[in-house]
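Student: Quick mapping for you: the protein sequence lines, in order, are chains L and V.
With positions in the first sequence counted from 1, the corresponding number in the numbering used here is that position plus 977.
With positions in the second sequence counted from 1, the corresponding number in the numbering used here is that position plus 1.
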Amino acid sequence: MLMRLISGDSPRSRLLTALLLVIFFGLLFAPFLFPGVRALETAARICVFILLAASYDLLLGYTGVVSFAHAMFFGMGAYGVGLASQHMGRGFGSLIFGSLAGAALAAAFALVIALFSLRVRAIFFAMITLAVASAMAVLVSQLSQITGGEDGFTFQIPRALGPANRMGEFGGINITGKILNYYVVFFVSLALFLSLLRIVNSPFGRVLQAIRENDFRAEAIGYRVVRYRIIATCISAAVAALAGSLFALWLRYVGPDTTLSFAIMLDILLMVVIGGMGTIWGAAIGATLMVLAQTYLQNLMGSAAEATAAIPLLSRLLDPDRWLLWLGVLFILSVYFFPAGIVGRLRTGR
Amino acid sequence: MSDPILRLEGVHTDIAQYHILHGVDLDVPRGAVTMLLGRNGVGKTTTLRTIIGHWTARAGRIAFDGADITAMRTSDRARAGIGYVPEDMGIFSDLTVEENMTLAAVSGPLDPVRRDRIFAAFPPLRTFWRSAAGTLSGGQKQMLSIARAMAEERRLYLIDEPTKGLAPAIVSTMAGALRDLKTEGASILLVEQNFAVAKALGDHAAVMDDGRIIWSGPMQTLATDAALLERLMGLSMEQA
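1. Examine the Cβ distances between the segment 999 to 1011 of chain L and the segment 1179 to 1191 of chain L and report whether three or more of them are shorter than 8 Å.
2. Mapping DSSP to helix, strand and coil, what is I215 of chain V?
3. Spatial neighbours of A1046 of chain L within its chain, please: CB distance less than 6 Å, with the 5 preceding and 5 following residues excluded, ordered by chain position.
4. Tell whether a beta-carbon distance below 8 Å holds between M102 of chain V and F123 of chain V.
5. Under a CB-based cut-off of 8 Å, is F93 of chain V close to chain L?
6. Would you report the Cα separation of Y1033 of chain L and L1157 of chain L, rounded to the nearest angstrom?
7. How many Å lie between A1270 of chain L and P163 of chain V at the Cα?
8. Between the alpha carbons of L1304 of chain L and T1019 of chain L, how many angstroms are there, rounded?
9. Look at the alpha carbon of V1216 of chain L and the alpha carbon of G1199 of chain L, and state the distance between them as a whole number of angstroms.
10. Could you check whether L1028 of chain L and S1166 of chain L sit closer than 8 Å to each other, using their CB atoms as the reference points?
11. Could you pull out every unbroken alpha helix (DSSP H) segment of at least 4 residues lying fully inside the segment 51 to 105 of chain V, listed in chain order?
12. Residues of chain V with CB under 7 Å from E1196 of chain L, in chain order?
13. Can A1349 of chain L and P1289 of chain L be called in contact, C-beta distance under 8 Å?
14. Per DSSP, which one or two residues make a beta bridge with E1146 of chain L?
15. How is E10 of chain V classed by DSSP in three states: helix, strand or coil?
16. Please list, in chain order, the chain L residues whose beta carbon lies closer than 7 Å to that of I53 of chain V.
17. Taking Cβ positions only, does E1018 of chain L come closer than 8 Å to chain V?
18. Is it right to say D1244 of chain L is buried, meaning 16 or more other beta carbons lie within 10 angstroms of its own, or is it exposed?
19. Using alpha carbons as the reference points, say which of V:V43, V:Q194 and V:K183 lies closest to V25 of chain V.
20. Ends of the beta strand (DSSP E) at L1228 of chain L?
21. Which residue marks the beginning of the alpha helix (DSSP H) containing A1081 of chain L, and which one marks its end?
22. Taking 8 Å as the CB-CB cut-off, is F1193 of chain L touching chain V?
23. At the 8 Å Cβ level, is V29 of chain V part of the contact set with chain L, yes or no?
24. When the cut-off is 8 Å and only beta carbons count, does Y1200 of chain L lie next to chain V?
25. Give every residue of the same chain whose Cβ lies closer than 7 Å to the Cβ of V198 of chain V, excluding the five residues on either side of it in the sequence, and list them in chain order.
26. Taking the alpha-carbon positions, what's the G1126 of chain L to C1024 of chain L distance?
27. Give me the DSSP bridge partner(s) of Y158 of chain V.
28. According to the Cβ coordinates, are T71 of chain V and A58 of chain V closer than 8 Å?
29. If you draw a straight line from the alpha carbon of A105 of chain V to that of E153 of chain V, how long is it in whole angstroms?
30. Only counting the same chain, and skipping five residues up and downstream in sequence, which positions put a Cβ closer than 7 Å to that of G82 of chain V?
31. In this structure, what does DSSP give as the bridge partners for I16 of chain V?
32. The alpha helix (DSSP H) that contains D204 of chain V, what's its start and end?
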């Protein structure tokens, strides 16, 4: 049953299995294990970014296509939900319509970009996605009447998912709409993650892996490489948009900084590389580590700086303001010591 | 020769700024093994790659079973019935042997009878069926490469130096598998540097030099004519 659920793609390492189980149960029981707004915020962010990184891995890790527009697709889903909720009124209908419209728009954009660029060479796809993503970010900032410009906009979600909806108490924790909202994010992310696992372990996924390894060989067997790449690109974009919808639902806000920025694109790239490209499980590990580091590294460094206050140079190096420097150091070290990513390393033991 | 399975007429191919094929004319007869011979760098691999569509012919015509395939996509040529075994083996090392074989069966599931025939020809593939192809030895990779081309019924096999760099025992397994293919009536265009293997398998031969076919005829004629062999291939009868 469990193997069917994960499409027979077992983690193939005890330590990796243990890590994944810790992440899964940590997220499943997050509202009860880690009470507090910040912890729940972090858990929801981890759910969304696991899905987002996994969708990017379908493209980068399984197809070998480099895209810089993934944050743009993420933003399309987020703005889809935001705009639908703003104009159609709060309600589940708006959420579903906005999510589907965002996903459809993202897939359509991906199709057009792919048709123009993937037919020539995959590298053009990277260049074109970079240009289109930059143009889209500028467009969203300029169209402030619709998008709220640089400030973005807040919107209302169904009352059932709001913090004012109190549904009782369980295990000493007040069950509110916010927790219900978290579980919507969690279960939809989980369902889409499992769908991605199903895709990469299907015959279609095997063809993608073959294309990644050598596109001419795949073509010489009889597979139309461009068509497969285009389909993968569209699926990846649609799932990224759905991740964006979940993020907007959780935040009840959309803005260019939270959904469209190049910083998010870099985060996604790092999550996939650190976790291990072409594994899907790697996205779960990479996204969890990155979000935890981004959220708690500063606190950790603050405590370390206090503890080493007597050592002048070290305490200054550990100053919480230098957290980005240390995040960069951690990234360099992880790429150096785990060139195949954490999952690759754990699977091969090398 | 009547109604060849493959016909090349005046095929010219450029790779970047280099003009490699200078008007190749070649007929590959049905149900026979045609050896494409010649020294290194004369255009044998480029000829195979032009036939499968890796390189586009700048001029000339390629007809497969009577149909013009010169402008056809590589994938369509493969689906039309041309199996290609590249010089570098062309296996997918991240995938298992089973996955490599399943992928090669493009028109449906791998036929169990065909799979068993492949196992009989290449026993190590059964042993390593669920192993990553990248972990196989060089000879086993070459077996997988040929087995993959055999995963479906092909009307023509293009095979590029299948015995290159292999141990004598593996060469004999490879030659045996190719002989079986020949017995089944397959049409094969085979590039081979090992003249002993070429002589044993070939029905016809075409010799290339400087991007052209300079001689073609029965293998028997080439193998028994010392002067011709010396002139075309630079080989003495002892070396052959």
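By construction, the Cβ of each residue, glycine as well, lies at the ideal position given by its N, Cα and C atoms.
Everything numeric in this text was worked out from a predicted model, so none of it was measured.
Tutor: Put simply:
1. no
2. Here residue 215 of chain V refers to the residue found at position 214 when the second sequence is read from its first residue. Three-state result, I215 of chain V: strand.
3. The residue you call residue 1046 of chain L lines up with position 69 of the first sequence. Once the five neighbours on either side are set aside, the close Cβ partners of A1046 of chain L are T1106, V1109 and A1110.
4. Stepping through the second sequence from its first residue, residue 102 of chain V is reached at position 101. Stepping through the second sequence from its first residue, residue 123 of chain V is reached at position 122. Contact: no.
5. For the purposes of this step, residue 93 of chain V is taken as the residue at position 92 of the second sequence. Chain L, which has a Cβ nearer than 8 Å to the Cβ of F93 of chain V, makes this yes.
6. Residue 1033 of chain L sits at position 56 when you count from the first residue of the first sequence. Residue 1157 of chain L sits at position 180 when you count from the first residue of the first sequence. Cα to Cα, the separation comes out at about 27 Å.
7. By 1-based counting over the first sequence, the position of residue 1270 of chain L is 293. By 1-based counting over the second sequence, the position of residue 163 of chain V is 162. Approximately 52 Å, taken between the alpha carbons.
8. For this step, residue 1304 of chain L is matched to residue 327 along the first sequence. For this step, residue 1019 of chain L is matched to residue 42 along the first sequence. A straight line joining the alpha-carbon of L1304 of chain L with that of T1019 of chain L spans about 17 Å.
9. Within the first sequence, numbered from 1, the residue matching residue 1216 of chain L stands at position 239. Within the first sequence, numbered from 1, the residue matching residue 1199 of chain L stands at position 222. When rounded, the distance between both Cα atoms is 28 Å.
10. If you number the first sequence from 1, residue 1166 of chain L lands on position 189. If you number the first sequence from 1, residue 1028 of chain L lands on position 51. Yes.
11. 75 to 81 and 98 to 105
12. Numbered from its first residue, the first sequence carries residue 1196 of chain L at position 219. Within chain V, the residues near E1196 of chain L are T75 and S76.
13. Outside the displayed range of chain L (978 to 1327) lies residue 1349 of chain L, so it cannot be described from this structure.
14. Residue numbering aside, residue 1146 of chain L sits at position 169 when the first sequence is read from its first letter. Under DSSP, E1146 of chain L shares a beta bridge with L:N1151.
15. The count along the second sequence starts at 1 and reaches residue 10 of chain V at position 9. Strand.
16. On the second sequence, residue 53 of chain V is found 52 positions in, with the first residue counted as 1. The answer, in chain order, is A1197.
17. Here the question's residue 1018 of chain L lines up with position 41 in the first sequence. Answer no: the Cβ-Cβ gap between E1018 of chain L and chain V never drops below 8 Å.
18. Indexing the first sequence from 1 puts residue 1244 of chain L at position 267. Burial state of D1244 of chain L is buried, judged by a 10 Å Cβ sphere holding 16 or more other Cβ atoms.
19. Counting from 1 along the second sequence, the entry for residue 25 of chain V is found at position 24. For V25 of chain V, the nearest C-alpha among the options comes from V:V43.
20. Taking the first residue of the first sequence as 1, we reach residue 1228 of chain L at position 251. It is not in any beta strand (DSSP E) - L1228 of chain L instead sits in the alpha helix (DSSP H) that spans V1202 to L1228.
21. Position 104 of the first sequence, counting from 1, holds the residue named residue 1081 of chain L. Counting along the chain, the alpha helix (DSSP H) containing A1081 of chain L begins and ends at F1069 to S1094.
22. Numbered from 1 along the first sequence, position 216 holds the residue referred to as residue 1193 of chain L. So yes, F1193 of chain L belongs to the interface.
23. For the purposes of this step, residue 29 of chain V is taken as the residue at position 28 of the second sequence. No, V29 of chain V lies away from the interface with chain L (no Cβ there is under 8 Å from its Cβ).
24. Against the first sequence, residue 1200 of chain L aligns to sequence position 223. Taking Cβ atoms only, chain V reaches closer than 8 Å to Y1200 of chain L, which makes this a yes.
25. Here residue 198 of chain V corresponds to residue number 197 of the second sequence, with the count starting at 1. T164, V172 and A176, listed in sequence order.
26. Within the first sequence, numbered from 1, the residue matching residue 1126 of chain L stands at position 149. Within the first sequence, numbered from 1, the residue matching residue 1024 of chain L stands at position 47. The alpha-carbon atoms of G1126 of chain L and C1024 of chain L are separated by roughly 27 Å.
27. For the purposes of this step, residue 158 of chain V is taken as residue 157 along the second sequence, with counting starting at 1. The partner list for Y158 of chain V (beta bridge, DSSP) reads V:G84 and V:I189.
28. In the second sequence, counting from the first residue as 1, residue 71 of chain V sits at position 70. In the second sequence, counting from the first residue as 1, residue 58 of chain V sits at position 57. The answer is yes: Cβ separation under 8 Å.
29. Position 104 of the second sequence, counted from the start, is the residue given in the question as residue 105 of chain V. Position 152 of the second sequence, counted from the start, is the residue given in the question as residue 153 of chain V. When rounded, the distance between both Cα atoms is 7 Å.
30. Against the second sequence, residue 82 of chain V aligns to sequence position 81. Taken in chain order, the residues that qualify are R155, R156 and L157.
31. If you number the second sequence from 1, residue 16 of chain V lands on position 15. Per DSSP, V:Y19.
32. The sequence position of residue 204 of chain V within the second sequence is 203, counting from 1. If you look at D204 of chain V, you'll find it isn't in any alpha helix (DSSP H); DSSP assigns it neither H nor E.
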